[in-house]
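When you line the sequence shown up against this note's numbering, it's residues 712 to 1043, in that order.
By construction, the Cβ of each residue, glycine as well, lies at the ideal position given by its N, Cα and C atoms.
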Amino acid sequence: MLEKWASGILALLLLIIAPGRSLALDKMRVGVSSVSALHGALWVASEKGLFKKHGIEAEVIVIGGASAGGMSALIAGDVQFLSGSGEAVINATLRGADIVMVASSLNKGVQRLVAQPLLKNIHDLAGKRIGVTRFGTASHLVLQMMLRRSGIAPDKIQVLQVGSSPAMLASLDKGGIDAAVLTMPSIFVAEERGYRILADLADMDIYYLNTMIDATRRYLRGNRDQSTRFLKGFVEGIAYFKMNKKESVEVLRKKLRTDPGREKYLELSYDLLASKFYDQVPYPSLKGVETVLGFLAKDNPKAREADPNAFIDNSIIKELDESGFIRKLYEK
């Protein structure tokens, strides 16, 4: 009799407490480096209530100032998590910042080297003009990776700072450059216009840390439970994105404010991300850290001495992986 009474009281307490829990969500801000389909899993997790499902009210905001702006916001505590370039994390940490990569969105780069139709392969680039956004940016580093992998000396080509992917496309059209490092959706537009794909970074077995989820070690230490619940929402966002094309494309359309004439590129971007880039278990790539450190080492002695493991804290993703949480998302 006493046991039944105790069970009844416990059930009543749970009914009272549970609604209160749903109302008292832990608030956090999540920065993204750009309005891009690359952050699709975050957009989906936010729009489909997957963070709230795990007790997190996550405000996803776009941070100006590219990589530097995101790192500054993370260090200042203006955002608790950041989705952006892994290279930026490594550079900031080498300068003494307390930042680590806790999960990955894209462990490989989405960039492709696009050229005028007369150029048949990457070795035809000798003496040619190749466009990047700016020196020192992702497109510039990716170009160096492609050239090194192909055995082409950097001094054999001329690198020009052109600006955004659309600006590089325009320069290709006018003949101002012979090739360019482009990302989606400009790569699809370039193919439609008859330009030739000379190299695809994702097919070159080069891990680049294109888009990572970052946090400060200080925040992770003091907010382990909130961090775990946030990453539960994120990995569930990946699963939802991969398994629900129509709904995910609709979220991207809303966030990217895509013009009707460009919606086909949105679907192409989705197909590429869902099939080729988003990993079910989003561990940050140690190979990717080693790759970036290797390229930074020639100009930064600290990069030569750095331990690749120092830039990653995958402990929460490991817990979610080993507990079966992620596996169960794909069994539904």
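Opening and closing residue of the beta strand (DSSP E) in which residue i lies
i     : result
T922  : Y918 to T927
G999  : It is not in any beta strand (DSSP E) - G999 instead sits in the alpha helix (DSSP H) that spans L997 to L1007.
Q791  : From DSSP, Q791 is part of no beta strand (DSSP E); its letter is neither H nor E.
A1014 : Note, A1014: premise wrong, no beta strand (DSSP E); alpha helix (DSSP H) at P1012 to E1016.
Counterpart residues of residue i in DSSP-defined beta bridges
i    : result
V825 : A891 and I908
R935 : None; R935 has no bridge partner.
L761 : Answer is none; L761 lacks a bridge partner.
K987 : In DSSP, K987 forms no bridge with anything.
A784 : Its beta-bridge partners do not exist; DSSP assigns none.
E768 : K738
L753 : In the DSSP output, where bridge partners are listed per residue, L753 has none listed.
K975 : Beta-bridge pairing links K975 to no other residue.
L817 : T922
Rounded Cβ spacing between residue i and residue j (contact assumed at less than 8 Å)
i    : j     : result
V892 : S850  : 4 Å
F988 : L817  : 5 Å
A913 : V821  : 7 Å
G948 : L824  : That pair is no contact at about 30 Å.
Q827 : A926  : Wrong, their Cβ atoms sit about 43 Å apart, outside the cutoff.
S815 : M923  : 5 Å
Q855 : P865  : 7 Å
R928 : V1003 : With 8 Å as the limit, R928 and V1003 do not qualify as a contact, their Cβ atoms being about 19 Å apart.
D809 : R740  : With a Cβ gap of about 18 Å, D809 and R740 do not count as contacting.
A890 : L967  : Between L967 and A890 the Cβ distance is about 27 Å, and since that is not below 8 Å, they are no contact.
F945 : A756  : 6 Å
I833 : I863  : 7 Å
Buried or exposed by the 16-neighbour rule on C-beta atoms within 10 Å, applied to residue i
i     : result
S986  : exposed
S733  : The predicted position of S733 is uncertain, since its pLDDT is 47 and thus under 50; a value taken from the coordinates is nonetheless stated next. Exposed is the call here.
L829  : exposed
E940  : Contrary to the premise, residue 940 reads as Arg rather than Glu in this sequence. By the neighbour-count rule (16 or more Cβ atoms within 10 Å), R940 is buried.
M954  : exposed
P896  : buried
A950  : buried
F1022 : buried
I772  : exposed
E798  : buried
N921  : buried
D970  : exposed
Y1041 : exposed
D916  : exposed
For residue i, the three-state DSSP class (helix, strand or coil)
i     : result
I797  : The sequence given here places Gly at residue 797; Ile does not occur at that position. G797 falls in the helix class under three-state DSSP.
I1023 : strand
S875  : coil
G742  : strand
L852  : helix
M812  : strand
I841  : strand
L830  : coil
V946  : helix
Residue range of the alpha helix (DSSP H) that includes residue i
i     : result
D1032 : S1026 to E1033
V962  : K956 to L967
A901  : S897 to E903
I1037 : F1036 to L1040
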